[in-house]
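Chemist: Under the UniProt record's numbering, the sequence shown has 107 at position 107, and the numbering climbs by one with no breaks.
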Amino acid sequence: MGLQDRNKRGFTRLLRSFGYAYQGLRHVFVNEQNMQVHVSLAAFVILLAFWLDLTRLEWLFLLVIISGIFALEIMNTAIERTVDLVTEEYHPIAKRAKDVAASAVFVYSIFAVIMGIILFGPHLLEKFL
Numbered sequence: 001m002g003l004q005d006r007n008k009r010g011f012t013r014l015l016r017s018f019g020y021a022y023q024g025l026r027h028v029f030v031n032e033q034n035m036q037v038h039v040s041l042a043a044f045v046i047l048l049a050f051w052l053d054l055t056r057l058e059w060l061f062l063l064v065i066i067s068g069i070f071a072l073e074i075m076n077t078a079i080e081r082t083v084d085l086v087t088e089e090y091h092p093i094a095k096r097a098k099d100v101a102a103s104a105v106f107v108y109s110i111f112a113v114i115m116g117i118i119l120f121g122p123h124l125l126e127k128f129l
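1. Report yes or no: do the region 89 to 103 and the region 18 to 28 share at least 3 C-beta pairs separated by less than 8 Å?
2. Assuming HIS38 and PHE70 make a contact with CB atoms under 8 Å, what is their CB distance in whole Å?
3. For ALA97, which residues of its own chain have a beta-carbon under 7 Å away from its beta-carbon, when the five flanking residues on both sides are left out?
4. Measure the CB-CB distance between LEU47 and PHE120 and report whether it falls below 8 Å.
5. Would ILE66 pass as a contact of ALA42 if the rule is Cβ separation under 8 Å?
6. Which ranges would you report for the alpha helix (DSSP H) in the region 32 to 117 if only whole runs of at least 4 residues count?
7. Could you have a look at LEU129 and say whether DSSP puts it in helix, strand or coil?
Below is the structure:
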């Protein structure tokens, strides 16, 4: 097999992996209520950021926060589905795994709210005072 054939196969595998990632992302956005809440809040925050004319650095922080919450919610969903696959019966350790995964999203959400206050607070005060 020549180098060109290997490169073609590697590129095909890469494209296929993007397809799988898209399917997973689509599943989470369509089927997970918490992700839909995050997306709705993110859309509101982005519109607010445009209205308040955030600086480039503020946009950078905002986008990192939004993408972080999305990534954590996706991982939380993956952990929950994996636990569900392993056991259909109630098990305290399975519950603990799900609770701990959800707590990661919760902790980051608190961080996101605090960062939102820091980012938007001065702009909102300037607009309304």
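Positions of the beta carbon are idealized from the N, C-alpha and C atoms, including for glycine.
Modeler: According to the structure data:
1. Cβ pair count under 8 Å is below three, so no.
2. Indeed they touch by this definition, with Cβ atoms about 6 Å apart.
3. Taking C-beta separations shorter than 7 Å and ignoring five residues to either side along the sequence, the partners of ALA97 in its chain run ILE79 and VAL83, following chain order.
4. Between LEU47 and PHE120, the CB-CB gap reaches or exceeds 8 Å.
5. Cβ distance < 8 Å, so ILE66 and ALA42 count as in contact.
6. Fully enclosed alpha helix (DSSP H) runs of 4 or longer: 33 to 52 and 56 to 86.
7. Coil.
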